[in-house]
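Visitor: My structure is below; once you've seen it, I'll send some questions.
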Amino acid sequence: MNQAAADHKDNQELHEVVEKAAQMRRLPLIPVLLGAYPVLASLGLGLMSYNFAVDVRLQLIGLIFACGILFPMFMILLYRRFSSVDSKRKQTQTQLSLTQFVIDRCADQIFWVNEKGRFVYVNEAAYRATGYARAELLEMSMWDIDADFSEEEWPGHWQELKQRQSLSFESRRRTKAGRVVPVEVTINWLVFGSREYNCAFVRDISERKAAEMALHKREEQYRTLVEHTPDIIMRFDRQGRHLYTSPSVEQAVLCKAEDFIGKTHRELGFPEEKCQFWENCIEQVCQSAEP
């Protein structure tokens, strides 16, 4: 509480300085300087009307003259000082505005979650992807949209994140329409002021998952075709070792298909002339890159 009060006081003082700087920037400097001289002249004439001794009058004239010289210098220095503060304020505001603009419009979904699991910030990509309005999401918790996460798991998840600082994993997000979307999540534990946050970057990986499933399906089709063909199909490395052998080889030799893996024909005990023939064929294919 003491730290929060101190931060609040510092913010108030900074705000006051910035406001003074802004006010000084709006002051017309030249009219202020020109208007000061009639005031000094009037003051001088008023003082001279009194019956002062000659030395006192000379001192007053010197004082007024010094004020006439020092006052513009003081005003210029003050003006430059507050101009510098105002310039830094504008620069800081520009940087903050740019940062906010980039985060708001980032292609990845960004969620800031507090220690209770509630959303405190979501960017445009986040509420577009989930189908909720921004105001709706800010009234929700992480487990309201994460299909693989429950409220009961949150305390353990929060402690693990604090210990590891950063986590990456795959999950599934539930949209407002009820559609479940596979996502890749990277989360970071951050402390700002006296508050702790879970900053999550979420990316839709639906296309990647679809491509992986299509590739897996083609691999299964290829494996089914190869393993049920009556022809013997083998794959080798450059040293002639077997990388794959189809099950049909068991109909031709007294070896199981898995016994071939990692071995050459010589190591399997095949006749010398056949080994030499196969080695020449394998070398020719590796050099020409043609069947």
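When you read off a place in the sequence shown, starting at 1, and then add 124, the result is the number in our numbering.
Glycine included, each C-beta is placed from N, C-alpha and C at the ideal position.
From a predicted model like this one, the values you see are computed outputs, not experimental measurements.
Do residue 249 and residue 224 have their C-beta atoms within less than 8 Å of each other?
Guide: For the purposes of this step, residue 249 is taken as residue 125 along the sequence shown, with counting starting at 1. For the purposes of this step, residue 224 is taken as residue 100 along the sequence shown, with counting starting at 1. No.
Visitor: So, for residue 256: in the same chain, excluding its five sequence neighbours on each side, which residues have a beta-carbon less than 6 Å away from its beta-carbon?
Guide: Within the sequence shown, residue 256 is the residue found at index 132, counting from 1. So the list reads 300, once near-sequence residues are dropped.
Visitor: Do you know how far the Cα of residue 289 is from the Cα of residue 312?
Guide: Here the question's residue 312 lines up with position 188 in the sequence shown. Here the question's residue 289 lines up with position 165 in the sequence shown. Each residue's Cα considered, the two are about 6 Å apart.
Visitor: Measuring straight from C-alpha to C-alpha, what distance separates residue 298 and residue 314?
Guide: Reading the sequence shown from its first residue, position 174 is the one you call residue 298. Reading the sequence shown from its first residue, position 190 is the one you call residue 314. When rounded, the distance between both Cα atoms is 25 Å.
Visitor: Compare the Cα-Cα distances from residue 360 to each of 340, 386, 352 and report the closest residue.
Guide: Within the sequence shown, numbered from 1, the residue matching residue 360 stands at position 236. Residue 360 has its Cα closest to that of 386, out of 340, 386, 352.
Visitor: Can you say whether residue 129 is buried or exposed, counting buried as having 16 or more other CB atoms within 10 angstroms of its CB?
Guide: Numbered from 1 along the sequence shown, position 5 holds the residue referred to as residue 129. Only weak support is given to the placement of residue 129: the predicted model assigns it a pLDDT of 48, under 50, and the value that follows is read from those uncertain coordinates. Exposed is the call here.
Visitor: To the nearest angstrom, how far is it from the Cα of residue 416 to the Cα of residue 212?
Guide: Nothing about residue 416 can be read from this structure; the chain reaches only from 125 to 415.
Visitor: I need the straight-line Cα distance from residue 261 to residue 309, nearest angstrom please.
Guide: Reading the sequence shown from its first residue, position 137 is the one you call residue 261. Reading the sequence shown from its first residue, position 185 is the one you call residue 309. The alpha-carbon atoms of residue 261 and residue 309 are separated by roughly 18 Å.
Visitor: DSSP on residue 233, reduced to helix/strand/coil?
Guide: The sequence position of residue 233 within the sequence shown is 109, counting from 1. DSSP places residue 233 in strand when its eight states are reduced to three.
Visitor: What are the start and end residues of the beta strand (DSSP E) that includes residue 256?
Guide: What you label residue 256 is simply residue 132 of the sequence shown in a count that begins at 1. Counting along the chain, residue 256 falls outside any beta strand (DSSP E), and DSSP gives it neither H nor E.
Visitor: Indicate the three-state DSSP secondary structure (helix, strand or coil) for residue 312 in the structure shown.
Guide: Here residue 312 refers to the residue found at position 188 when the sequence shown is read from its first residue. Correct three-state label for residue 312: strand.
Visitor: Nearest to residue 351 by alpha carbon, out of 365, 276, 369?
Guide: Looking up residue 351 in the sequence shown gives position 227. The option with the nearest alpha carbon to residue 351 is 369.
Visitor: Would you tell me roughly how many angstroms separate the C-alpha atoms of residue 272 and residue 325, rounded to the nearest one?
Guide: Translated into positions along the sequence shown, residue 272 becomes position 148. Translated into positions along the sequence shown, residue 325 becomes position 201. The alpha-carbon atoms of residue 272 and residue 325 are separated by roughly 17 Å.
Visitor: Compare the Cα-Cα distances from residue 412 to each of 362, 328, 372, 214 and report the closest residue.
Guide: As a first step, residue 412 must be located in the sequence shown, where it is residue number 288. Checking every option, the nearest Cα to that of residue 412 belongs to 362.
Visitor: Look up residue 412 in the DSSP assignment and say whether it is helix, strand or coil.
Guide: Start at 1 with the first residue of the sequence shown, and residue 412 comes out as number 288. Three-state DSSP puts residue 412 in a helix.
Visitor: For residue 320, which residues in the same chain have their Cβ closer than 6 Å to its Cβ, ignoring the five residues on either side in sequence?
Guide: Along the sequence shown, one-based indexing puts residue 320 at 196. Taken in chain order, the residues that qualify are 239.
Visitor: Jot down the residue ranges of each uninterrupted beta strand (DSSP E) in the region 256 to 344, minimum 3 residues, whole runs only, in chain order.
Guide: Within the region 256 to 344, the complete beta strand (DSSP E) runs of at least 3 residues are 290 to 298, 304 to 316, 319 to 328.
Visitor: What do you get for residue 251, buried or exposed, if any count of 16 or more other CB atoms within 10 angstroms of its CB means buried?
Guide: For the purposes of this step, residue 251 is taken as residue 127 along the sequence shown, with counting starting at 1. It counts as buried.
Visitor: Assuming the contact rule is C-beta atoms closer than 8 Å, residue 330 and residue 306 should be a hit. Round their C-beta distance to whole Å, please.
Guide: Here the question's residue 330 lines up with position 206 in the sequence shown. Here the question's residue 306 lines up with position 182 in the sequence shown. Indeed they touch by this definition, with Cβ atoms about 6 Å apart.
Visitor: Using DSSP with H/G/I as helix, E/B as strand and the rest coil, what is residue 353?
Guide: Mapped onto the sequence shown, residue 353 falls at position 229. Reduced to three states, the DSSP call for residue 353 is coil.
Visitor: Residues in its own chain within less than 7 Å of residue 376 by CB, not counting five upstream and five downstream?
Guide: Taking the first residue of the sequence shown as position 1, residue 376 is located at position 252. Same-chain partners within the cutoff: 356.
Visitor: Output needed for residue 278: all residues of its chain with C-beta closer than 6 Å, excluding positions within five of it in sequence on either side, in chain order.
Guide: For the purposes of this step, residue 278 is taken as the residue at position 154 of the sequence shown. Taken in chain order, the residues that qualify are 241.
Visitor: What did DSSP end up calling residue 225 once you bin it into helix, strand or coil?
Guide: If you number the sequence shown from 1, residue 225 lands on position 101. Of the three classes helix, strand and coil, the one that applies to residue 225 here is helix, per DSSP.
Visitor: Between the C-alpha atoms of residue 379 and residue 408, what's the straight-line distance to the nearest angstrom?
Guide: Taking the first residue of the sequence shown as 1, we reach residue 379 at position 255. Taking the first residue of the sequence shown as 1, we reach residue 408 at position 284. Between residue 379 and residue 408, the C-alpha separation is close to 27 Å.
Visitor: Return the CA-CA distance between residue 219 and residue 339, expressed in angstroms with no decimal places.
Guide: In the sequence shown, the residue the question calls residue 219 occupies position 95. In the sequence shown, the residue the question calls residue 339 occupies position 215. If you take the alpha carbons of residue 219 and residue 339, they lie about 45 Å apart.
Visitor: What residue range does the beta strand (DSSP E) around residue 369 cover?
Guide: Here the question's residue 369 lines up with position 245 in the sequence shown. Looking at the DSSP string, the run of the beta strand (DSSP E) that includes residue 369 is 366 to 369.
Visitor: Taking only the alpha-carbon atoms, compute the straight-line gap between residue 328 and residue 237 and give it to the nearest angstrom.
Guide: On the sequence shown, residue 328 is found 204 positions in, with the first residue counted as 1. On the sequence shown, residue 237 is found 113 positions in, with the first residue counted as 1. Approximately 19 Å, taken between the alpha carbons.
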